[in-house]
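Residue numbers for the sequence shown follow the numbering used here, beginning at 10 and rising by one.
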Amino acid sequence: MKQGSATVQVEPFPLATPKVCPVQVGDAKPQFSTQITCRVDGVVRFRVFAQEKPEVGHAMATARFLLRLYELSSGALRLRLSPDSGGKVDVYLCQGGPSGGEQRLAGDFDDDGRPVTANVILVYDVGSLTDKVEWLREIAHEFGHASLPAVGGYREPEDWANGYLGEKLYLKMTQEKLRSGAWPSADLFGVEPASLDRWVSREVDPLVKEANQVEPKPASLKGTTAKAMRAYHARVLWAYATFPRSIFARSLVLGGTKSTDYFGGLELAFGELERVDVRPAQPGPVWLPLGKGKLTSGKILSRSGKWAKVQPGPKGIIAIPESPDGATTR
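Below you can see the structure in the form of structure tokens.
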């Protein structure tokens with residue numbers, strides 16, 4: 010089956026040799042079977058496993074959405090999946106286990122019995138996922154762990170921030186693709202645009218607004234609490250809404266493994282271009298990592314370190330960033 014650039018292949022049911030998921034579920038009680046009898050491949054990046062024939066539809070939908078997410082991660086964001094697993098991801102749709110999911114690298118065997126490292130996503134208690142937006146959110150969350158740079162050190166709600174960032178960022182990007190007509194709803198679990206709009210309005214838009222009102226200082230992202238993780242997500246989503254896509258994509262990989270590194274990543278990414286056209290997502294002034302650069306449209310209201318608070322002009326904001334060698338002109 011082909012839909013645009015996505016190719017999905019369904020293996021014969023049941024599999025000639027049932028597969029067992031290589032990841033055991035921690036302390037989940039009671040333990041549940043992870044023997045797999047059907048498989049759907051999102052060629053060639055994803056394999057989606059399910060335990061019963063009625064779940065083939067969910068496996069198909071999961072593979073199609075993952076291919077769309079891969080289009081975002083490898084295209085717009087220019088990210089690579091883990092080379093340790095050959096750039097592939099195996100997804101297990103499990104009937105049992107606690108509601109939710111997880112992602113990890115695990116030892117496995119290929120179809121010829123050779124040991125390999127697998128990039129594994131598990132989705133538990135799939136029978137409880139009855140809402141289409143929840144399916145999108147759960148898959149995007151775990152794919153965030155598999156694809157986005159790992160920023161960690163948190164105590165709550167998870168150790169790593171890229172899962173919750175994945176659901177917010179990827180579903181925002183998915184909403185844009187759906188609304189523009191670039192992607193059909195059929196590739197997105199058949200979700201209604203209005204349902205996805207409501208989720209983004211509730212989970213993403215308020216964070217962008219919050220970050221837009223706060224001076225961008227590393228100290229604002231310090232901490233290990235859920236509040237600190239929210240501040241990090243808000244800043245990244247704000248950057249997505251504010252800067253050209255090329256700058257945003259580079260900022261993700263130029264930052265480090267700590268949330269406070271993200272500002273440095275943004276500064277480096279901003280300085281790589283000779284000219285930056287900014288169309289603020291929110292009305293009013295916006296903070297930019299201008300450094301010693303200058304504006305050809307817009308007005309500097311104040312400065313703080315390498316950042317400047319800029320009022321848009323009639324043509325928005327057009328910035329000539331400070332060059333990497335520190336020169337004010339290029």
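Don't be surprised by glycine CBs; every beta carbon is placed ideally from N, CA and C.
From a predicted model like this one, the values you see are computed outputs, not experimental measurements.
Would you kindly work out how many angstroms separate the C-alpha atoms of residue 120 and residue 277, rounded to a whole number?
-> 43 Å
Within 10 angstroms of its Cβ, does residue 122 collect 16 or more other Cβ (buried), or is it exposed?
-> exposed
Fully enclosed by the region 268-305, which alpha helix (DSSP H) runs are 4 residues long or longer?
-> 271-280
Pairing CB atoms from the region 80-95 with CB atoms from the region 209-223, are three or more of them under 8 Å?
-> no
Apart from the five residues on each side of it in sequence, which residues of its chain come closer than 6 Å, Cβ to Cβ, to residue 39?
-> Caution applies to residue 39, whose pLDDT of 48 falls short of 50 and renders its modelled position unreliable; the value that the coordinates give is listed next. So the list is empty, once near-sequence residues are dropped.
Please report the Cβ distance between residue 253 and residue 316, rounded to the nearest whole angstrom; I am assuming they are in contact, meaning their Cβ atoms lie under 8 Å.
-> Wrong, their Cβ atoms sit about 17 Å apart, outside the cutoff.
Excluding five sequence neighbours on each side, which residues of the same chain lie with their C-beta closer than 6 Å to the C-beta of residue 168?
-> The residues are 161.
Can you give me the start and stop residues for the beta strand (DSSP E) that residue 311 sits inside?
-> 308-313
Which residues mark the beginning and the end of the beta strand (DSSP E) in which residue 316 is found?
-> The continuous beta strand (DSSP E) containing residue 316 extends over residues 316-320.
Residue 216 beta carbon less than 9 Å from that of residue 268 = No, Cβ-Cβ distance for residue 268 and residue 216 is not below 9 Å.
As assigned by DSSP and simplified to three states, the class of residue 116 = Strand.
Can you find at least 3 beta carbon pairs, one from the region 237-257 and one from the region 162-181, that sit closer than 8 Å?
-> yes
Would the beta-carbon of residue 154 fall within 9 Å of that of residue 201?
-> no
Is it buried or exposed for residue 72, if we count other Cβ within 10 angstroms and need 16 for buried?
-> Flag for residue 72 reads buried.
Residue range of the alpha helix (DSSP H) that includes residue 142 | 141-156
Please say whether residue 309 and residue 279 have beta carbons closer to each other than 9 Å?
-> Between residue 279 and residue 309, the C-beta spacing is not below 9 Å.
CA-to-CA distance, residue 325 to residue 297, given in whole angstroms = 13 Å
So, helix, strand or coil for residue 56, using DSSP?
-> strand
With DSSP collapsed to three states, give me the class of residue 124.
-> strand
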